[in-house]
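Input: a single structure, listed below in structure tokens.
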Amino acid sequence: MRPFAFGVPLLLIAIAGSQAQRPVKVYISADMEGVTGVVTAEQLGPTGFEYQRFREIMTAEVLAAIAGAREAGATEFVISDSHGNGQNLLIDRLPVDVTIVRSFPRPLMMMQGIDSTFSAAVFIGYHSSTTNPAGVRAHTISSALLTSVTLNGVPMSEAGINAAIAAHYGVPVVMISGDDAIIAEAQQMLGPIEGAIVKRAISFHSAATLTPEAGQALIRQRAKNGVTRRGELKAKPDQRPVTLEVSFKNYRPVELLAYLPGVQRISAHTIRFVGRDIVEVSKFLEFITSYDPALAP
Numbered sequence: 258m259r260p261f262a263f264g265v266p267l268l269l270i271a272i273a274g275s276q277a278q279r280p281v282k283v284y285i286s287a288d289m290e291g292v293t294g295v296v297t298a299e300q301l302g303p304t305g306f307e308y309q310r311f312r313e314i315m316t317a318e319v320l321a322a323i324a325g326a327r328e329a330g331a332t333e334f335v336i337s338d339s340h341g342n343g344q345n346l347l348i349d350r351l352p353v354d355v356t357i358v359r360s361f362p363r364p365l366m367m368m369q370g371i372d373s374t375f376s377a378a379v380f381i382g383y384h385s386s387t388t389n390p391a392g393v394r395a396h397t398i399s400s401a402l403l404t405s406v407t408l409n410g411v412p413m414s415e416a417g418i419n420a421a422i423a424a425h426y427g428v429p430v431v432m433i434s435g436d437d438a439i440i441a442e443a444q445q446m447l448g449p450i451e452g453a454i455v456k457r458a459i460s461f462h463s464a465a466t467l468t469p470e471a472g473q474a475l476i477r478q479r480a481k482n483g484v485t486r487r488g489e490l491k492a493k494p495d496q497r498p499v500t501l502e503v504s505f506k507n508y509r510p511v512e513l514l515a516y517l518p519g520v521q522r523i524s525a526h527t528i529r530f531v532g533r534d535i536v537e538v539s540k541f542l543e544f545i546t547s548y549d550p551a552l553a554p
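As numbered in this note's numbering, the sequence shown has no gaps in its residue numbers, which increase by one up to the final residue, 554.
Dropping the structure here:
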């Protein structure tokens, strides 16, 4: 008997088994403005009287997303703490088998750590874009600095930018939680991804909200649905090059940034930068919103 006659089928079986056992990795990027009950700065930073309580709620929503994704077969997780200083999640309450990305700056901003080995991306606690007239705490990257961010002429939310980064690695966004404004915005841009509407916007500073327990139950179910549907929710095609336009509230940043090679000032408040890909654009965005000559150490 020739040994290779049955060696090939055995090899194919081994390959099939290896593929069947491939880890289902899920990337979770967690912001805070879209967390259940968040409406003002009182919930969003260390000086707010409700911040510590809402750190707990933010953490609980991430735990709910993890639980739902596990029910759909997820086996590995990277969690990005993506709000403010990147040090909001109560990491001692997260499962022992997850990896957590904390603090800034990061080359991939809110998506640091993602790569082509992930099966799906989930966005928790997100908010609508700075050009959207609706939405609680609507802004893109910096409410203090920026009035508009576009990629290839399309106005962007943070979800849109982060989905583009995920798409660069072939990873689909399968679920997002936040208010009704960001769910509608994300689904219009990304297609029929799962959306957990945990509050409905009344104004920039107010909302009609679920309770935290109800919000977490909804997030768990939508995360499960999203990861289950990951095969049908394809990442949008990766675009290269990427034309970024950023409008600032003030004149001086625009004037100074135009001194840099490759940066064009196209109006009093707006610059244009063309990156080879979204990764280069992400690094540029992190630079222009984080750099300060007085940075130390």
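Cβ coordinates follow ideal geometry from the N, Cα and C atoms, glycine included.
Please read these numbers as outputs of a predicted model, since none were measured by experiment.
When V353, E451, P412 and R363 are compared, the shortest CA-CA separation from K491 is found for E451. Distances from the alpha-carbon of L346 to those of E537, G294 and R310 put R310 closest. In the pairwise beta carbon analysis, the region 497-508 is classified as not touching the region 336-350: fewer than three pairs are separated by under 8 Å.
Residue state for T546 is assigned as helix, using DSSP reduced to three classes. Contact holds between the region 333-342 and the region 368-376, because three or more Cβ pairs, one in each stretch, are under 8 Å apart. Judged by DSSP in its simplified three-state form, P469 adopts helix.
Straight-line spacing of the CA atoms in A326 and V379 works out to 9 Å. Under the three-state reduction of DSSP output, T485 falls in the helix class.
By alpha-carbon distance to Q444, the top candidate from G472, F461, S414 and A471 is S414. About 6 Å separates the beta carbon of H462 from that of T297, a gap short enough to meet the 8 Å contact definition. Setting aside the 5 residues that flank it on each side, Q521 is surrounded in the same chain by R529, each with a C-beta closer than 6 Å to its C-beta; the list follows chain order. Shown here for S539: same chain residues with a beta carbon closer than 8 Å to its own, the five before and five after excluded, namely P364, L365, M366, M368, I418 and I422 in chain order.
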